[in-house]
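For the sequence shown, our numbering gives the first residue as 1068, with consecutive numbering after it.
Built from N, CA and C at the ideal position, the CB exists for glycine as well.
Below: the structure, in structure tokens.
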Amino acid sequence: MNNENNIPDEGEVILIDKPLTWTSFDVANKLKRACKFKKIGHAGTLDPLATGLLILCTGKKTKQIDTYQAQEKEYTGTLVLGKTTPSIDLETAFDAEFPTDHITPEILESARLALTGSITQVPPIYSALRVDGERLYKKARRGEEVEIKKRNVEISLFEIDATHFPLVDFKIICSKGTYIRSMVRDFGQLAGSGAYLSALCRTRIGAFELKNAWNLTDFIHQKRLELKLEVDE
């Protein structure tokens, strides 16, 4: 008699470098199907146009998802001053242009300082946040105007490098619930211009670092080898 289904699934914590254009759900779904996981979830959504660290938990380890989601996050990325898009990234087309000639290093530093420490921000309308039971991005795509509540977040580090202005490279360490696209939007406004996010990578969640993450294809290949060995045994 096969008692495989009665064996408790202790689960595992998997670190994946999320590929560009994939949703976090895409990664979880791919792993579930390819690696025969019965139960899997991710600890913290990454936008499709972001890359970097995604923590996935399987089996009993899914109970730890809330703990991982609550930990601080670290990001690196690039914003571009002078243009905006409705989604604040390149998922949507440019909708406005703004001057940048007036922007000095002092203005950039003032904007950086204003977005460091305990701040309030309004999440982007193009987000997976739910309002009245529906994802905001669905309302945005229908052109609906929605009142989005501000939230308090903690930005413990915000470094910028404007060597290649109007591109501004940045590094951010922040609390749970922080929207980097909101920071980019607010940074552009504080600089008397507009801005959009051109690249974003999550490099750390708590003690978990991107350098220790698997390439998605490599992980699936390795897991399938392990499953084959188990069957052969």
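Could you tell me the boundaries of the beta strand (DSSP E) in which residue i lies?
| i | result |
| --- | --- |
| N1219 | R1218 to D1228 |
| T1270 | A1262 to I1272 |
| L1123 | T1118 to T1125 |
Identify every residue that forms a DSSP beta bridge with residue i.
| i | result |
| --- | --- |
| S1185 | E1221 |
| Y1142 | I1239 and R1269 |
| H1231 | None; H1231 has no bridge partner. |
| G1111 | DSSP lists no partner for G1111. |
| W1281 | I1083 |
| E1201 | V1198 |
| E1164 | K1150 |
| E1276 | R1271 |
Quick check on the DSSP output: the alpha helix (DSSP H) that includes residue i runs from which residue to which?
| i | result |
| --- | --- |
| T1171 | Where T1171 is concerned, there is no enclosing alpha helix (DSSP H), given that its DSSP letter is neither H nor E. |
| T1159 | It is not in any alpha helix (DSSP H) - T1159 carries neither H nor E in the DSSP assignment. |
| F1254 | I1247 to L1257 |
| D1093 | S1091 to C1102 |
Under 7 Å Cβ to Cβ from residue i, same chain only, skipping five residues before and after it: list those, please.
| i | result |
| --- | --- |
| I1122 | V1080, L1082, H1109, A1110, G1111, Y1135, I1272 and F1275 |
| D1253 | L1182 and Q1188 |
| I1247 | Y1142, G1144, I1239, L1264 and L1267 |
Checking 8 Å against the spacing of the C-beta atoms, do residue i and residue j come in under that value?
| i | j | result |
| --- | --- | --- |
| L1146 | V1251 | yes |
| I1227 | L1175 | yes |
| D1076 | K1103 | no |
| P1115 | E1158 | yes |
Hey, is residue i close to the ligand PLP, as in C-beta under 7 Å from one of its heavy atoms?
| i | result |
| --- | --- |
| I1247 | Ligands displayed in this structure: none; no statement on the ligand PLP is therefore possible. |
Going along the chain, which residues of its own chain have a beta-carbon closer than 8 Å to the beta-carbon of residue i, five neighbours each way excluded?
| i | result |
| --- | --- |
| A1137 | K1243 |
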